[in-house]
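Encoded as structure tokens, the structure appears first; notes follow it.
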RNA sequence: GUGGGUAUAGCUCAGUUGGUUAGAGCACCAGAUUGUGGCUCUGGGGGUCGUGGGUUCGAGUCCCAUUACCCACCCCA
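Here you go:
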């Protein structure tokens with residue numbers, strides 16, 4: 004072997020690809036039902052899009068981006084997430100000029116330079132949705148509901164929806180100040196990481212998973228304590244809408260997502276039993292992001308899930324995946340002379356829209372039958388010297404274990420009737 | 001970026017205190033049945049034991065290094 008696949012990437016091979024195709028089918032179906040249209044954006048973008056969009060103090064931007072200089076000396080980055088590109092396209096392709104809200108979805112690979120572990124890869128796949136142009140809290144609820152609906156369609160259970168409000172530029176400064184006042188005397192108790200966050204983004208301290216920071220943060224002011232009246236009433240309305248459709252959730256005032264663009268609503272869906280990387284999807288509102296990208300003031304909300312993690316959860320919970328069927332017909336030959344006729348017949352059968360295959364390994368009749376059986380062929384068409392001489396073939400129904408002889412020009416018609 | 005674990009056939013794994021020619025199951029191929037699949041039986045192919053050093057009369061086994069993978073921290077989907 005010349006080389007292996009790069010670290011943190013994977014091949015999706017036959018036998019595994021079927022669950023991906025199933026997921027993609029279900030994604031397209033639910034998106035159509037909820038009124039989302041697909042958008043496909045480039046896999047790489049100008050680096051500045053993510054610096055501005057995702058936020059240059061985030062871990063993603065600081066240490067996880069695949070950034071390189073192209074031959075035209077432009078700084079290019081393999082997209083680490085989908086929202087920034089969607090916002091860029093919303094502006095660049097002037098989607099803001101059309102009717103609102105604009106509801107988009109995407110499926111595709113994302114890239115983050117992390118140490119791989121269970122449920123975490125350097126190239127991974129996200130399905131995400133974005134809604135531009137509505138402040139309505141019912142949209143927040145609908146995005147969460149759609150996510151939960153999607154999981155339940157796949158048969159996933161035991162998921163927890165955590166929600167929070169992270170405030171807006173009106174209430175952030177007050178929260179920031181309160182947090183700094185609270186943590187200033189406890190700075191020594193915090194992890195080195197959080198000591199840096201103290202200046203840059205004190206909000207993140209209450210979201211830190213380190214034991215010492217959790218202890219130091221006990222009793223710290225929460226985002227919810229400091230919400231301005233707009234944020235507060237929006238959050239109450241979101242919860243009301245979730246209640247209206249009886250969607251269970253838990254308020255987690257420590258939930259602060261790692262992307263800078265979130266305002267108001269933030270949420271995350273957690274799964275047990277998929278390892279330490281238990282977040283199976285997350286999102287939130289980003290009412291200032293379009294402006295940050297030099298667009299007109301436009302509210303937005305989005306959500307994304309990691310497809311690898313979904314598949315992991317589905318495996319662990321033994322969720323059924325629709326089976327893949329073998330070819331409808333397998334053409335088997337006995338004797339060299341029959342091969343030409345079999346090849347001609349194979350294409351006639353395929354020409355009628357029936358899936359059909361044959362042996363390519365010069366195997367014995369018995370081995371061909373075995374191969375056909377293993378591949379799940381529904382019917383086997385058998386041609387040997389005798390059939391060739393008589394202008395007939397045998398058609399064997401594999402599950403019924405019965406076979407009939409018919410004239411070779413009636414084969415397609417016979418198969419179509421089955 | 002930090003820590004722990006693992007590496008033997010295509011896959012899952014045995015391999016004792018270092019000791020003859022490194023095994024099993026599954027998978028693959030063939031035969032039993034010279035024209036008929038799933039079951040059974042028999043046989044076969046396939047391994048520089050991750051890589052590079054070292055210790056030893058002798059290393060899959062012990063030591064060192066290295067790489068890859070897995071898991072966790074962190075971060076996130």
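In the working numbering, the protein residues as written are 4 to 421. Note that beta-carbon positions come from the ideal geometry of N, C-alpha and C, so glycine has one too. All of these numbers come straight from a predicted model, not from anything done at the bench.
Report task. Can you grab the Cα-Cα spacing for the pair residue 162 / residue 283, in whole Å? Result -> 9 Å
Query raised in the report: Is it a yes or a no for the stretch 133-152 touching the stretch 327-339, going by three-plus beta-carbon pairs under 8 Å?
Result: no
**Report entry** Secondary structure of residue 37, DSSP reduced to three states
**Finding:** coil
Report task. Tell me the start and end of each unbroken alpha helix (DSSP H) in the stretch 93-158 that is at least 4 residues and wholly inside, in chain order. Result -> 140-156
Query raised in the report: For residue 47, which residues from the same chain have a beta carbon less than 8 Å from its beta carbon, with the 5 sequence-adjacent residues on both sides left out?
Result: 79, 80, 81 and 82
Query raised in the report: For residue 76, which of 408, 49 and 45 has the nearest alpha-carbon?
Result: 49
Report task. Pull up the distance between the alpha-carbon of residue 279 and that of residue 200, whole angstroms please. Result -> 23 Å
**Report entry** Sheet register partners of residue 266 (DSSP bridge)
**Finding:** 288
Query raised in the report: So residue 167 is in the beta strand (DSSP E); what residue range does that whole segment cover?
Result: 162-168
**Report entry** For residue 360, the three-state DSSP class (helix, strand or coil)
**Finding:** strand
Query raised in the report: With distances taken from CA atoms, which of 371, 67 and 55 is nearest residue 90?
Result: 55
Report task. Locate the beta strand (DSSP E) running through residue 303, then write down its first and last residues. Result -> 303-309
Requested in this report: Can you tell me which of 416, 4 and 310 puts its alpha carbon nearest to the alpha carbon of residue 355?
Outcome: 416
Requested in this report: Rounded to whole angstroms, what's the CA-CA distance from residue 127 to residue 212? Just pull it up for me.
Outcome: 24 Å
Report task. State the start and end residues of the unbroken beta strand (DSSP E) segment that holds residue 249. Result -> Segment: none, residue 249 is in no beta strand (DSSP E) and carries neither H nor E.
Requested in this report: Just the C-alpha distance for residue 345 and residue 68, rounded to the nearest angstrom, thanks.
Outcome: 54 Å
Requested in this report: Could you check the C-alpha separation between residue 60 and residue 204 for me, to the nearest Å?
Outcome: 8 Å
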